[in-house]
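Residue numbers (this note's numbering): 1108 to 1857.
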């Protein structure tokens, strides 16, 4: 059943980019401040409607919009469990798109979950369909879902539009759907008889928003989406519809009334054509910038999979605060700020408050990156006798190009010659009230902890000698402070100072020699991202980084700037880059951008700095209707959490630095195993599944997650399960040389 129509424009080529000016930590590259998000939107334009043709499938007359449509073979009826019927189907999705750029909005949601898919680029000249099923007596399907973007349609020289997939090929696909109970997703479709609908217009101008909402979540309950939540359609040119055939068509998403549309109209429908089911969206998707697209993608994934898939869903919110114990020079007035115990104590209490607003199963804990020299400097100012050696006063780091690659063995040491041995006493450390705060186990264990190096020396051009002291002195200090004994401490990672040193082979080798094997990067710098998969870390190599084997975990920047301690400063810096708006506008950008990151299941931590935790003396603000004192970090978290929980009921989880790194490493490792989930059928129900990885002889060094919508039967097999809050059950399956078969406690009907 071919729907219509598709945008002429390759709408996903341009993106709503929330990117930053490339500056990190305290380092200025040029004259612009760090990590500034900019946005522009691509307006999606409508395309002409394709005429439909009536064909018969399974005895039912159906309107299709292919040119020269041909009927089905008429022999595929409701399947019975007899010889020749399907034994099961692989759950891999087959995605059809016109080009690789726009295809991102069709497959990226699957990749977010780790669900296997195959992408087929369909040129105007057409394609040969891949084999859809095995040739066995009781065949196994090769695909568990279809995603079709903009009907892979092209305009011919006469101005007529038609799909590059032929009518005969569509019939083959439709018959396969019916035989194997496989569902289809159609994105960016024009309403027509082919979908049991008609168009009631198109919308909207680039400044007009026609909100939409999911009106019925019952068809995809495992998605965890909240019904009735308004979502923006701004920038997504769409085609409001009305249902004309209620016997085959039901709506699940509606557009709200706006000027030109006095009543609600249909945004998406589910068609059931004699057992062949499809979900149709009368709007495009823009997964690279649109929060709404991200939300709707969860709906179609869970509907198409029925909640059973290889992969899993987990929302991680990790806020890393750099520069603890250091002084920060404030951007707008050149004063300095250093956090106080009172600021931190407020955040201890507040973490419990914000956690109470999160769904069941959540946890939230701030992670702190420490610089021990700041502690010594503060104590020395109070008592030189207690800290006789004094802090490390080094020469400022030289400026380097952003992706400067240091020749091995070069550089100039900046540490003073008289600072060669760590000699600081317990008395010295404890002279600083901030250190005393962290030495209380209860308050220490209210945060997560990781090293940020000793003095925060930029390491792009640093010598091996300086890097060795930066790492080992801070390790010694963390031990002396008992931070390394904290409930959540990451001994194997660091936050590099200003995210430097990642092209310095001397630095990377020194890190690894001293137990540091993972660091965070900066997502505004493409050189620090894995270009093969946005959910993989980057592993350093000699050619690009000077040394092999250090994991660079991606990390998000925000519009909360490292050198701002209050709203006035942060807003002034934001407006200095050419943006216009008040602080509410800034927070709105953060809300939309970072909620999208979280709902896209990105596990990248978010970057903040100690000045952003100033609470004492700040002006009162109203956040989410509650007036009070808030630090910049608190305002950001409250805003993002409120938006996330408005849309979904998923638990929100915080992990420490090393555990986040392990998440990324395991994701990359299991993806390389090329796992396959094959559903097992009995009649028209899914009774269980087989997990395999034939390309690696069913051996994978990490467990493979499989998400199930209910419980498993007693399979007599030992396996690990994970059920957190409202998230579905995840089964973590080890592949040790053979495929694993598991039965569902309750079969899933087609």
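Just so it is clear, CB atoms sit at the ideal spot from N, CA and C, and this is done for glycine as well.
Bear in mind that the values here come from a model prediction, so they are computed numbers and not experimental data.
Please say whether residue j and residue i have beta carbons closer to each other than 7 Å?
i: residue 1331; j: residue 1290; result: no
i: residue 1569; j: residue 1614; result: yes
i: residue 1701; j: residue 1747; result: yes
i: residue 1320; j: residue 1337; result: yes
i: residue 1859; j: residue 1195; result: No information on residue 1859 is available, as it lies outside the stretch 1108 to 1857 that the chain covers here.
i: residue 1760; j: residue 1197; result: no
i: residue 1706; j: residue 1690; result: no
i: residue 1805; j: residue 1762; result: no
i: residue 1493; j: residue 1538; result: yes
i: residue 1816; j: residue 1414; result: yes
i: residue 1347; j: residue 1296; result: no
Sort out for me which residues DSSP pairs residue i with in a bridge.
i: residue 1431; result: 1477
i: residue 1311; result: Paired residue(s): none; residue 1311 is not in a bridge.
i: residue 1224; result: 1200
i: residue 1306; result: 1348
i: residue 1320; result: 1361
i: residue 1436; result: 1443
i: residue 1384; result: 1379
i: residue 1291; result: 1253, 1385
i: residue 1558; result: 1477, 1601
i: residue 1663; result: 1713
i: residue 1783; result: 1799
i: residue 1839; result: 1812, 1827
i: residue 1625; result: 1600, 1658
i: residue 1270; result: 1260
For residue i, collect the residues of the same chain with a Cβ closer than 7 Å to its Cβ; drop the 5 residues on either side in sequence, then sort them by chain order.
i: residue 1735; result: 1727
i: residue 1505; result: 1568
i: residue 1175; result: Residue confidence for residue 1175 is low, a pLDDT of 34 falling below 50, so the modelled location carries little weight and cannot support an answer.
i: residue 1120; result: Unreliable positioning characterises residue 1120 in this predicted model, as indicated by a pLDDT of 30, which lies under 50. The coordinate reading is nonetheless provided below. Excluding residues within five positions, the ones whose Cβ falls inside 7 Å are 1208, 1209.
i: residue 1370; result: 1364
i: residue 1573; result: 1520, 1521, 1522, 1564
i: residue 1723; result: 1447, 1449, 1450
i: residue 1550; result: 1455, 1544
i: residue 1457; result: 1741
i: residue 1464; result: 1748, 1752
i: residue 1710; result: 1423, 1767, 1770, 1771
Considering just the uninterrupted stretch of the alpha helix (DSSP H) at residue i, what are its terminal residues?
i: residue 1750; result: 1739–1754
i: residue 1765; result: 1764–1779
i: residue 1574; result: 1571–1587
i: residue 1218; result: 1207–1220
i: residue 1407; result: 1398–1412
i: residue 1551; result: 1548–1551
i: residue 1736; result: That residue, residue 1736, is in no alpha helix (DSSP H); its beta strand (DSSP E) goes 1733–1736.
Counting only the same chain and skipping the five closest in sequence on each side, list residues whose C-beta sits under 8 Å from that of residue i.
i: residue 1187; result: For residue 1187, the predicted model reports a pLDDT of 33, less than 50, meaning its position is unreliable; a value from the coordinates is still stated below. Counting only Cβ-Cβ distances below 8 Å, and skipping sequence neighbours, we find 1790.
i: residue 1180; result: Reliability fails at residue 1180, whose pLDDT of 33 lies under 50, so the model's placement of it is uncertain and the value that follows must be treated cautiously. Counting only Cβ-Cβ distances below 8 Å, and skipping sequence neighbours, we find 1278, 1282.
i: residue 1854; result: 1789, 1792, 1793, 1794
i: residue 1048; result: The structure shown does not extend to residue 1048, since the chain is modelled only from 1108 through 1857, so no value can be given for it.
i: residue 1439; result: 1671, 1675, 1676, 1679, 1680
i: residue 1750; result: 1698, 1699, 1702
Output needed for residue i: all residues of its chain with C-beta closer than 6 Å, excluding positions within five of it in sequence on either side, in chain order.
i: residue 1242; result: none
i: residue 1480; result: 1498, 1499, 1561, 1562
i: residue 1383; result: 1281, 1284, 1285
i: residue 1648; result: 1655
i: residue 1524; result: none
i: residue 1090; result: Residue 1090 cannot be examined here, being either before or after the span of the chain that is shown, 1108 to 1857.
i: residue 1742; result: 1730
i: residue 1226; result: 1202, 1210, 1214
i: residue 1138; result: The pLDDT assigned to residue 1138 is 32, lower than 50, so where the model puts this residue is not dependable; a value taken from the coordinates is nonetheless given after this. So no residue of the chain qualifies.
So, is the C-beta of residue i closer than 7 Å to a C-beta in chain C?
i: residue 1601; result: Chain labels in this structure do not include chain C; a single protein chain is all it has.
Residue range of the beta strand (DSSP E) that residue i falls in?
i: residue 1796; result: 1792–1799
i: residue 1848; result: 1847–1856
i: residue 1828; result: 1827–1829
i: residue 1681; result: Residue 1681 -> not in any beta strand (DSSP E); alpha helix (DSSP H) instead, spanning 1674–1682.
i: residue 1727; result: 1727–1730
Is the number of C-beta pairs between the region 1551–1558 and the region 1598–1613 that are closer than 8 Å three or more?
-> yes
Between the region 1378–1393 and the region 1353–1365, do at least 3 Cβ pairs fall closer than 8 Å?
-> yes
For the 8 Å Cβ check, are there 3 or more pairs between the region 1617–1625 and the region 1505–1522?
-> Flag = no, the region 1617–1625 and the region 1505–1522 do not touch.
For the region 1470–1489 and the region 1423–1441, state whether three or more C-beta atom pairs, one from each stretch, are separated by less than 8 Å.
-> yes
Should the region 1208–1225 be called in touch with the region 1389–1403, which here means at least 3 C-beta pairs below 8 Å?
-> yes
With contact counted as at least three CB pairs below 8 Å, one residue from each stretch, are the region 1663–1672 and the region 1710–1718 in contact?
-> The way I'd put it, the region 1663–1672 does touch the region 1710–1718; three or more beta-carbon pairs between them come closer than 8 Å.
Would you check if there are 3 or more beta carbon pairs closer than 8 Å linking the region 1233–1242 to the region 1417–1426?
-> At 8 Å Cβ cutoff, the stretches do not touch.
With contact counted as at least three CB pairs below 8 Å, one residue from each stretch, are the region 1813–1831 and the region 1301–1313 in contact?
-> no
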